[in-house]
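Here the structure comes first, spelled out in structure tokens, and everything after it is commentary.
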Amino acid sequence: MNVISYVNGETEITDFPTCSARPLAVLVQACNDLLAGPDGYLSPTNSMLALELAWQTVGTADVPDTVIHAWLAELLSNPTWGVVRFAKITAVKAILDIAGLHRAAASGHKPALAEWEAADRGARAISPTLNAAGLYAVRAASESTVLVDTHLRVTVEEVTAHALRAHALATGGAMASRIVELTRHAIRAWRDLAGLDDAGDIRPAATDSAVELVGVPV
Numbered sequence: 008m009n010v011i012s013y014v015n016g017e018t019e020i021t022d023f024p025t026c027s028a029r030p031l032a033v034l035v036q037a038c039n040d041l042l043a044g045p046d047g048y049l050s051p052t053n054s055m056l057a058l059e060l061a062w063q064t065v066g067t068a069d070v071p072d073t074v075i076h077a078w079l080a081e082l083l084s085n086p087t088w089g090v091v092r093f094a095k096i097t098a099v100k101a102i103l104d105i106a107g108l109h110r111a112a113a114s115g116h117k118p119a120l121a122e123w124e125a126a127d128r129g130a131r132a133i134s135p136t137l138n139a140a141g142l143y144a145v146r147a148a149s150e151s152t153v154l155v156d157t158h159l160r161v162t163v164e165e166v167t168a169h170a171l172r173a174h175a176l177a178t179g180g181a182m183a184s185r186i187v188e189l190t191r192h193a194i195r196a197w198r199d200l201a202g203l204d205d206a207g208d209i210r211p212a213a214t215d216s217a218v219e220l221v222g223v224p225v
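Take 8 as the starting number for the sequence shown in the working numbering and just add one per residue.
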């Protein structure tokens with residue numbers, strides 16, 4: 008993500024460039040960390056993979072809260088990449104109920120605060136003896152209800168972190184590839200929900216910057 012920050016012309020190089028949605032940056036940075044070798048550096052191939060993922064986040068920062076609610080609903084309940092897949096049957100309803108509230112908010116029918124609070128209580132009442140991935144799936148759902156009116160854009164990063172943990176704990180030895188797959192789904196969903204065009208291919212200037220910053224031979 009710091010390459011994107013550099014290409015974006017920001018005076019302070021950061022893992023959270025202003026042109027990219029922060030939860031997507033969290034996911035890409037997780038991919039970057041998982042793809043790195045024992046020495047902490049990315050191979051040429053993995054460097055370009057990380058850059059390609061980061062490039063797809065360009066232009067995703069400025070979206071209305073309705074898009075964030077819709078994306079959170081997918082993060083929780085999508086049958087392909089949502090955390091609900093890791094929950095035991097006793098926790099599925101609680102996660103789907105919260106996803107339903109986010110979908111309602113995304114459609115313009117803002118749920119009452121009491122509905123969010125009730126859904127949060129339902130999630131928190133789930134047995135703590137869940138498998139580890141399922142526990143973080145429930146935490147992601149529960150966290151997404153917290154301070155939803157005033158701190159949504161902060162909360163969504165915390166929810167994303169819990170979702171990442173759920174996926175990581177459920178993957179076994181294929182963690183890096185699964186987190187990359189999750190990140191692709193998440194970025195694609197965000198862009199689709201926001202009505203954004205595809206980010207397209209990486210510009211040569213971006214590749215040149217990547218070479219300069221991380222020493223990738225091209």
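Glycine included, every Cβ here is placed at the ideal spot set by N, Cα and C. Values in this document were obtained by computation on a predicted structure and should not be read as measured data.
Reduced DSSP secondary structure (H/G/I, E/B, other) of residue i
i, result
"VAL65", "strand"
"SER27", "strand"
"GLY129", "helix"
"THR87", "coil"
"GLY115", "coil"
"THR190", "helix"
"PRO51", "helix"
"ASP204", "coil"
"VAL153", "coil"
"VAL70", "coil"
"ALA32", "helix"
"LYS100", "helix"
"ASP46", "coil"
"ASN39", "helix"
Closest by C-alpha distance to residue i, when choosing among the options
i, options, result
"VAL70", "THR52, THR25, VAL33 and VAL99", "THR25"
"ASP104", "ALA32, VAL163, LEU34 and ALA148", "ALA148"
"ALA144", "ALA113, ARG29, ILE96 and ARG191", "ILE96"
"ALA173", "ILE75, ARG110, TRP88 and ALA111", "TRP88"
"HIS169", "LEU34, SER27 and ALA28", "LEU34"
"ALA201", "ASP72, SER151 and THR52", "ASP72"
"PRO30", "ASP204, ARG191 and ASP205", "ARG191"
"ASP205", "TRP62, SER54 and ARG146", "TRP62"
"THR152", "SER134, LEU142 and PRO118", "PRO118"
Whole-angstrom C-beta distance between residue j and residue i, which should lie under 8 Å
i, j, result
"ALA139", "LEU176", "5 Å"
"ILE75", "VAL163", "6 Å"
"ALA132", "ARG110", "At roughly 22 Å, the Cβ-Cβ gap does not stay under 8 Å, so ALA132 and ARG110 are not in contact."
"LEU41", "ALA183", "4 Å"
Residue i to residue j span [Cα, whole Å]
i, j, result
"ALA106", "ALA121", "16 Å"
"ARG128", "LEU60", "36 Å"
"ILE186", "LEU49", "16 Å"
"ALA68", "SER27", "5 Å"
"LEU82", "ASP46", "32 Å"
"ARG92", "VAL166", "16 Å"
"ALA94", "LEU56", "30 Å"
"ALA112", "LEU171", "23 Å"
"VAL218", "LEU203", "For VAL218, the predicted structure reports a pLDDT of 46, less than 50, and the residue's modelled location is therefore unreliable. A value from the coordinates is still provided. C-alpha separation (whole angstroms): 28 Å."
"LEU142", "ALA98", "9 Å"
"ASN39", "VAL65", "16 Å"
"LEU226", "VAL90", "As displayed, the chain neither begins before 8 nor continues past 225, which places residue 226 out of reach and without an answer."
Residue i classed as buried or exposed, judged by whether at least 16 other C-beta atoms fall within 10 angstroms
i, result
"GLY44", "exposed"
"GLU124", "exposed"
"PRO51", "exposed"
"GLY115", "exposed"
"ARG195", "exposed"
"SER84", "buried"
"ALA130", "buried"
"SER134", "exposed"
"ALA181", "exposed"
Proximity test, residue i beta-carbon vs the ligand ADP heavy atom, cut-off 7 Å
i, result
"LEU34", "Of the ligands one can find in the structure shown there are none, so the ligand ADP has no counterpart to examine."
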